[in-house]
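See structure below.
As structure tokens, then:
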């Protein structure tokens, strides 16, 4: 069966590399590129007009820059842990520059490579969990073709690395579950491995701690089961170690063997080691002065329709884990047809998936592990909603944050569809079990291609389209002005400048104004006012994402009356001066 796993790996890697650089990088990716090079955003001049090359200088590899520089600039200017950035620092050295800039293909290929590794990793976790080749192959096939997984793997970000740590940590949880059930000591090598994996997970993304919290909920659930059945030592039902006399809704975890605390002491050691590894980052996180500004976008208003937004945002993210057709296409007919097909697909497939999970929860040999992953997934989702509704931080706005529990969902899908595959009867609407599994995999393949062609999970920013509009509209010198609070806003303009550079639009040489804004919005207004006073005329002023009052100098200019198209990520107006 190994050749079949190789097929899933090749498919997964191929889909992740397809059209890898067709979509322009967005602000978060610019953060990865700049910090991984050991560069900083701080040298970029503010409050004065600068040319393209000056704005793009942080994207140029520098001689003599090393990991120390990566750590220095990242921990001072960003709110992310450094592991992925260090890996990217070494990885991008393997690729030549593009027009003097760091290779986008090189940076994204690391995420794609790590994403492809999640295919054999999820196979191994499924095999460890259910000891079934069928479950493992179905899980690997879904991971290979998941549009959500493709979306994460085609960005120069740390989510695919974090997913690998989630898979590895869940594998340790599965092993611990077996030892809890058998009342045997957890091997020391598992203790050290689990602690190390958790430490590396936190060093890759701070939200990995949500994975750990969900695992803690699972362990509490297992402890409760063991406590509930501590007196059930008679062993009336010997045919299977998970069919002792218990209520049908839960599964026992006790057998008449060693003391139950043997395992829990070492699990406690894992928890202590993990806690220490996490506390290391607390001073680093707290001393960062950019933290609140960088997370403003995720703050959740607590009024009106905002209360139900997280529910729909979560549903949208869950759907795309297995299916996403071109609902973001330019053609309305394509959007409607795609939406209808997805609706029909989920009306058909959801009952099949739920029935499969119910079967796994009832079968003596799979009940405990099915419960582990079900409790883990539900706990993680509950944490998301708790943080969103009680702390005003809407984690559901970023679909990428679902990496926290995504592998567990794939495991449950694999286990459910394995039941469907083995069903000799028609499962739904006259479709056989094997046909149903094939339809799910094919739908995933089509959905993955949808993402690679930018018809689904479109980039938040489209500087390529914005540059086309500028190219078609302006015939005089150009100033592109924006307000700047953090490096996110510098990244927005880097996207535009990069498009000008790689498209070699030499007859258009725009200048950029990053008007710094603090608590007083008028600081940006004054910066634009002073800049306009010194620039010669004629001049086309493109005011882009400029969140401050326009200065009086702009009243001497004429606003363009044409109906120019909207562009993702760039709210703009054009003034002819």
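In full-length UniProt numbering, the protein residues as written are 1 to 577.
Glycine included, C-beta positions come from ideal geometry on N, C-alpha and C.
Treat the numbers as computed from the prediction; the structure is a model and nothing was measured.
Requested in this report: Helix, strand or coil for residue 560, going by three-state DSSP, please let me know.
Outcome: coil
Inset, instruction - Please name the residue, chosen from 218, 333 and 542, that lies closest to residue 172 on a Cα-to-Cα basis. - result: 218
Exercise. With a cut-off of 8 Å, do at least 3 Cβ pairs link the region 149-167 to the region 327-342?
Worked result: no
How far does the beta strand (DSSP E) with residue 573 in it reach, from first residue to last? 572-576
* Give the DSSP bridge partners of residue 541, in chain order. => 479 and 575
* Asked: Under the rule that 16 or more other beta-carbon atoms within 10 Å means buried, what is residue 305, buried or exposed?
  -> exposed
Check your understanding: Can you give the Cα-Cα distance for residue 504 and residue 471, rounded to whole angstroms?
Key -> Going by the C-alpha atoms only, they are around 12 Å apart.
*Would you list the one or two residues that DSSP bridges to residue 515?*
483
- Thinking C-beta only, is residue 510 closer than 7 Å to residue 478? yes
| Residue(s) in a DSSP beta bridge with residue 101 | 98
**Study point:** C-beta contact flag for residue 535 and residue 404 at 7 Å
**Key:** No, the Cβ-Cβ distance between residue 535 and residue 404 is not below 7 Å.
- Spatial neighbours of residue 526 within its chain, please: CB distance less than 8 Å, with the 5 preceding and 5 following residues excluded, ordered by chain position. 551
Using CA atoms only, rank isn't needed, just tell me which of 175, 464 and 198 is closest to residue 271. 198
Review point. So which of 388, 538 and 71 has the shortest CA-CA distance to residue 576?
Key: 538
Quiz item: Going straight from the alpha carbon of residue 429 to that of residue 97, what length do you get?
Solution: 54 Å
**Asked** Under 7 Å, do residue 17 and residue 112 count as touching if we go by C-beta distance?
**Response** yes
field: Inter-residue CB distance, residue 139 and residue 123 (contact presumed, cutoff 8 Å)
entry: 7 Å
| request: Look at the alpha carbon of residue 85 and the alpha carbon of residue 62, and state the distance between them as a whole number of angstroms. | output: 16 Å
What's the call for residue 28, buried or exposed, on a 16-neighbour Cβ count within 10 Å? buried
Would residue 175 pass as a contact of residue 190 if the rule is Cβ separation under 7 Å?
yes
Quick one: Cα of residue 45 to Cα of residue 72, how far?
-> 20 Å
Check your understanding: Hey, how far is the Cα of residue 448 from the Cα of residue 39?
Key -> 34 Å
Next item on the list: Evaluate contact between the region 437-454 and the region 375-393, counting only Cβ atoms and requiring at least three cross-stretch pairs below 8 Å.
Entry: Short answer: they don't touch.
Where do the N-terminal and C-terminal ends of the beta strand (DSSP E) with residue 426 fall, by residue?
-> 426-428
Just tell me which of 547, 82, 200 and 512 has its CA closest to the CA of residue 523. Checked all of 547, 82, 200 and 512; the closest Cα to residue 523 is 547.
For residue 77, is the classification buried or exposed, using 16 other Cβ atoms within 10 angstroms of its Cβ as the cut-off for buried? buried
If you drop the 5 nearest sequence neighbours on each side, which residues of the same chain put their C-beta closer than 8 Å to that of residue 67?
38, 86 and 89
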